[in-house]
Structures are given as structure tokens and as C-alpha cells.
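Below is one structure, written out as C-alpha cells; the observations come after it.
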Amino acid sequence: MRATGCTCSCTSPALTSPQRPATQPPIRTEVRHARQGGGGPGHDPPLSATGRRRRRVGRGHAGRRGPRAPHRCLQRLPARPRHPEERRGEGRAQGSARGHARRGRAAGRLIPSSANALSPPEENAMSRIVTRFAPSPTGFLHVGGARTAIFSWLLARSRNGRFLLRIEDTDRERSTPEATQAILDGMTWLGLDWDGEIFYQSERAHIHNAAVDRMLETGQAYWCECSPEEVEAMREKARGEGRKPKYDGRCRERGLGPGPGRVVRLKAPQDGATSFDDMVKGPISIANEEMDDLILRRSDGSPTYNLAVVVDDAEMGVTHVLRGEDHVSNTPRQIQIYRALGLPVPRFGHVPMILGPDKKKLSKRHGATSVFDYHHQGILPEAMVNYLARLGWSCGDQEIFSKDDLVRLFTTENLGSSAAVFDMDKLLWLNAHYIKEAAPERLADLLPPFFEAQGMPAPGREALLTVIPHYQTRAKTLVEFAASSAFFFVDDAALVYDPAAVAKFLTADAKARLAELRDLFAALPNFSEESLDTALNAYVTATDTSFKVIAQPLRIAVTGRTQSPGLHQTLAALGREKSLARIDRALTL
RNA sequence: GUCCCCAUCGUCUAGUGGCCUAGGACACCGGCCUCUCACGUCGGUAACAGGGGUUCAAACCCCCUUGGGGACGCCA
């Protein structure tokens, strides 16, 4: 298998539609092919080639992390009060891409050309940073893509910047509208909102091609008539000689024009090196002789990926590109294209991969890879975001981060540079934490589909609300939540008794006590937790027994199982009628 | 094969030359709490891949080795 897809380190095997429980997310985002139209290719005023030179070079890791006193991530704290106010509005489109086409486009074109010219965008206090997430719609949003989306979103939101979305749907074979929808739904579920219109790469071929034409005109690109077979032969030869397999550039100076079967190649620099200061990995440099003259336009006239990405990012005004590690080797090539086009080079950051427990790249073999798999497993979105953000990023010893915390604290400085293993246990722990913290009303909104998924009608909201607090400390997922609290809501006659528990605890002696308790409960003036608690304790003292002796039999009688919330709570939540009915039934077992 | 990247407890990580007999969290083990299960709480086991340098001092800087990963498409 190979990496497919997104600009985000995904391995996005077109996942087959999972048999999803009835947890259809209530969040739907319209996929609409916004007409991007117009707008020439990157015809922005050419910027001085020197504009992009970094000042900070090769100082190793120390170089990108200045010496500072307190926890670095906490330094963002003072910034807090400013942010919420400043970044609001401006056509941030949550949900369907409607209506802000003009505004979005204008901003996209203007910002970079003025802001990027002289210093790296990061250092320029006046510049608005622009990040993007650019998935290719060949499957669901998987956790790797979700994480780079989260980081890109955080980078923008934490710096009062814009976060854009571009769908890289130029692979007609594998791109589907369903996948696009699934990705948007995934983003929405996670609460990652984007600014302005969604960009669809497939609608922008004319812009890409215009850029190629421009390079042809300026001599930065040339026509090549070598066939794929010939090129493969060159590569084979080079490989045999222990060199980097590459096209040998034989058409470079031939001055060929257009013609059938011909491609356009970049006339890349042949000596020197191309380097960049990666936001997560530090300085990276690759000798230009390692790279060949990559194809910009295929023989069928269509633009290639590396060209399209560069042109789109430049056109959209992207200043900071955060993407998967599998793109580091594309980066120098893309930088060469930026230079050939005279465009400002954005900052790049490559986030490491997510591994499975066996330390191999996370894949379906390891279980769930789509964020919706986790949704359906009853993971709360805030737990997912917290977990994913913490996977490869840290802030001192802090583990729990609300989205606001993240926005306030995030910086690329604290992004880790090595691959990380996806740890379900820790996700579960976080999820349990957020379930405890959640408002019961919210859980009541979320839970119904999880009951339905296990084949029972969703309980009434009121009944649900009385039971929910008892399970917030007991469930790690909503699936577990529904499963372990289901006995509350089933018909008394349909309650399933655990045979082993019945055999062990519902002895004749126990039944005798149950009968007494039944009468006691029937006579109780009210059936509240307090009065039950008092009555139970009084019974224990009066009959000179211990709570332990009556607890399990009673519990099994009303729940069918050995585990439940506290007895008085369980009985009260069940109500007198059901409690008595169940005890009666237990007496017959 | 070539190039690039990565390397602290089982896992996520803190660490940016002395605050390190390496800190936190998950998981695991044990105690407490207790009507069960949880929650909570207290405690414990557990790591700087190896070797050379540099330095008064190295988990941290440099080099090498080893191991892992990625890339080398008219895919994205």
C-alpha cells in the first residue's frame, strides 16, 4: 500500500462504508462546488527573489527555540485577552460554503503579496497568517489528517489568522463527493471551522496552466518529449549505478515547442542546495542535484500535483503550511517552483506520522482510523481534539486542554518531531474525563443514538436525565454508557438476569430478605434516595445483619447484574413501581 | 541503492549544558475509601539506543554506529 492522498500524511484507503450505528451526526455541511472562477494565475507582482531568504539559518534545534525562562507554551498567556475579540467575523464559514466568494478571494490574493515580501511571515507582526488544510477526498477524515487539520487550525486561530480549506480532488478516479462530505462532516464534528469559501482544486486547472505558461515564457520550464519508458530506463540505469534515479534532462536545452505526447518540465537549478527552516524539524537542506526536472504539465495537458499545490497555496495567500511528514521531500521541489514563479515561499512544517501499537504506520489493521469510527464508538469530540493535539504536541505537564486552552497555548515550537503511537487507553481516559465534565443535558442529546444502536428504543429524555449523573463516573464511552445503563430502561418483564449472578446471590435466604425489603419499600412514604438510604440502613440495624448481605441480592433483583450505581440511587432512579415489579420477578427465579 | 528525517519509562511526553539520585500523564501493581462497579485518593515498578568526542560539567552540543521511518510517479 502506499500513501495516498492528502496533503496531510494520510493513508487514506478509500474506507468502505462502515456499518454505522444510528449515530448519524446531526452536523451536515453542504458540499457545494463554489465557483472560484476568475482570478488569473499567480500573476501577483513578482516579488524580489531575495525577499524570501531566511535570516535564521542552520543553528540546529537550539536555533529555532530561543532560550526563555518559563514554560514556553505558557508565554502565550498574556495574549489571551486580545484574541477572542480580534478574530471574529470575516466570513468564517461554519458549515455550508455559501456566499463569501468575493471576499475570500480578494483577501487571499492581497495578503501574501504585501505581507510576505521581506521577512518570514512569522516575524512580521503586521501580517495575518494564513494556513490551510488540503485533504484529497478519497475516504473519510482519518486521525492523521484530523491531527494536521487541528494543528493548522490552531496555528491560524492562535495567531489571529485565517484557516482555509482546499479539496484536492484532481484525482478523478478516486475522488468522490461522498468523501468530500465525510471530510467536511468530520471537520465539523471536531469543531474545526474554516474561513471563506472552500476551494476545489479541480476547478482551478486553468490557473495552474497559466502558471505553467508563464514559466515557459520566462524560460523556467521547457517542453520534453521523452516517453515514460525512456525516463524509466534512465532511472533504472541510475539506480544500477547507485545514483539517485532521475530524469537526465536531455530535453532541457533543446528548445522544443508543444507537441503531442510532450510534457512540460521545470528547469530546476542543477547545483547548490534548496533549504528551508521547517517549523517542526528545524533546518533541512537538500542538494539540488538530488532532484530532477519534475513534470509540471502532463502530456494530456493537465497540471501535476506539485505545481497545483504551489499555485493554489500562493493564490490562496497561504503563509504557513503544516502537513504530513511524507511531504518533506516534496518541499524543496515546491520551493523551486515558488522561486521560478517569483512567489513568496511560505513557512513549512512537517508533522510526524501516527503509528499503530506495533509502531507501524497507523492503518485499518489497527482498528479505527476514521474520526467517525471514534464518533461511533462514543468518543466525545473534545476528547478527540484534546487527545490528537496532545499527540505530538505538549505544553509542560498539562494534559487536559479545552479548545480555548489550545488556541491560547498552541505554538509550533512545542510540536514534537518524532512519530507517535496512537494510544487508545489514553484517549479513553480523556473521554472518561470529558464525560464526567459534560452537562447531563448535553449527554442526553448525544446518547439516544447509542441506545438505538444496541437495538432498543431511545429512553425518554426525562428518564435519561435521572440516570445520566450516575454513569458519568462509570463510563469511558457513550457506547459503554448506553450498554451499562440500559437495564434502567428495559421493560421489567424483559430484564435479563445474569444466570451466574442469580445462582450465586439469589439464595433462599436472600429471597426471604428480599421479600421483607419489598414490603418495606412498598410502605415507604417516599422513594427518594435519602429515604431509601435511611430505610435500608434501618433495616440492616433492625435485623442485625450487614449491608453486604443484602446489597448484591437486591442489586441483582432490580438490575439483573452485579454492577450498578449505588443501591439507593439505583432504586430511586428506577422508581417504586419498577423496583417492586423487578423484586417480585426476582422472587420467582 | 540514493537522499532526507527521527531516537527519554510499555505508551504520550517534560527537559533547550549545572536546578536531573531525569518530572508529569496513560497503562500496570499495591494501600485507602466502599453495598457492587466505578470515581476519588495515597504509594510503587518503569526510560536518556550504543560508542567516541567538546566541556570543570552532557539526556541536552558535535561525530560515528545501530535501529526505525519517509521519499525517490505523466498519484495526491
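For what it's worth, this note's numbering labels the leading residue of the first sequence as 15, then goes sequentially.
We put the beta carbon where it would ideally sit given N, CA and C, even for glycine.
All of these numbers come straight from a predicted model, not from anything done at the bench.
TODO: Measure the Cβ-Cβ separation of residue 260 and residue 249 and say whether it is below 8 Å.
DONE: yes
Exercise for review: State the beta-bridge partners of residue 288 as determined by DSSP.
Suggested key: 300
Check: According to the neighbour-count rule (16 or more other Cβ atoms, all chains shown, within 10 Å of its Cβ), is residue 340 buried or exposed?
Finding: buried
### Message
Quick check on residue 561: buried or exposed, where buried means 16 or more other Cβ atoms within 10 Å of its Cβ?
### Response
exposed
Query raised in the report: Between the beta-carbon of residue 385 and the beta-carbon of residue 157, is there less than 8 Å?
Result: yes
ask   = Alpha carbon to alpha carbon, how far is residue 387 from residue 178?
value = 25 Å
(request) Spell out a yes or no on whether the stretch 217-231 and the stretch 352-366 are touching, meaning 3 or more CB-CB pairs, one atom from each, closer than 8 Å. (result) yes
Within the same chain, show all residues whose beta-carbon is closer than 7 Å to that of residue 583, passing over the 5 residues directly before and after it, in chain order. 484 and 543
- Note down, one range per segment and in chain order, each beta strand (DSSP E) of at least 3 residues found wholly within the stretch 220-284. 235-238 and 277-280
Check: Which runs of the beta strand (DSSP E) fall wholly inside the stretch 343-422 and span at least 3 residues, in chain order?
Finding: 361-365
Segment limits, beta strand (DSSP E) that includes residue 334:
334-338
Checklist entry - Within the chosen definition, does the stretch 476-494 reach the stretch 584-598 through at least 3 CB pairs nearer than 8 Å? => result yes
Is it buried or exposed, residue 163, if we count other Cβ atoms within 10 angstroms and call 16 or more buried? buried
Handout entry: Pairwise C-alpha distance: residue 154 and residue 375
Key = 17 Å
Checklist line | DSSP three-state assignment for residue 96, whether helix, strand or coil | finding: Model confidence at residue 96 stands at a pLDDT of 31, short of 50, so the residue's coordinates are unreliable; what they give is reported in the following sentence. Three-state result, residue 96: helix.
Taking the straight line between their C-alpha atoms, what separation do you get for residue 603 and residue 524? 12 Å
By alpha-carbon positions, which one of 262, 213 and 291 ends up nearest to residue 246? 262
Compare the Cα-Cα distances from residue 366 to each of 378, 429 and 326 and report the closest residue.
-> 429
What is the residue span of the beta strand (DSSP E) that residue 147 lies within?
144-147
Report task. Tell me whether residue 564 is buried or exposed, calling it buried when 16 or more other Cβ atoms sit within 10 Å of its Cβ. Result -> buried
*Go ahead and pull the three-state DSSP assignment for residue 472.*
coil
ask   = What separation, rounded to the nearest whole angstrom, lies between the Cα atoms of residue 359 and residue 333?
value = 8 Å
Next on the checklist: Let me make sure I understand the geometry here. Which of 448, 202 and 181 has the alpha-carbon closest to that of residue 486?
Outcome noted: 448
- Task: Measure the CB-CB distance between residue 362 and residue 345 and report whether it falls below 8 Å.
- Result: yes
Practice item. Quick one: grab the DSSP three-state call for residue 212. Key: coil
- Message: Can you tell me which residues form a DSSP beta bridge with residue 177?
- Response: 145
Quiz item: How do the stretch 287-295 and the stretch 266-276 stand: do at least 3 beta-carbon pairs fall below 8 Å, yes or no?
Solution: no
Pairwise C-alpha distance: residue 445 and residue 435: 18 Å
Check: In three-state terms, what does DSSP make of residue 481?
Finding: helix
Compute the distance between the beta-carbons of residue 328 and residue 278, then report whether it is under 8 Å.
no
Worksheet item: Under three-state DSSP, which class holds residue 170?
Response: helix
Review point. Over what stretch of residues does the beta strand (DSSP E) that includes residue 692 continue unbroken?
Key: Any answer about residue 692 is impossible in this case: the structure gives the chain only from 15 up to 603.
Distance check for residue 504 and residue 438, CA to CA, integer angstroms please. 31 Å
- Message: Using 8 Å for Cβ pairs, my map puts residue 265 next to residue 239. What's the rounded Cβ distance?
- Response: 6 Å
Requested in this report: In the DSSP assignment, find the unbroken alpha helix (DSSP H) run with residue 439 in it and report its ends.
Outcome: 438-451
With DSSP as the reference, identify every bridge partner of residue 156, one or two as the case may be.
384
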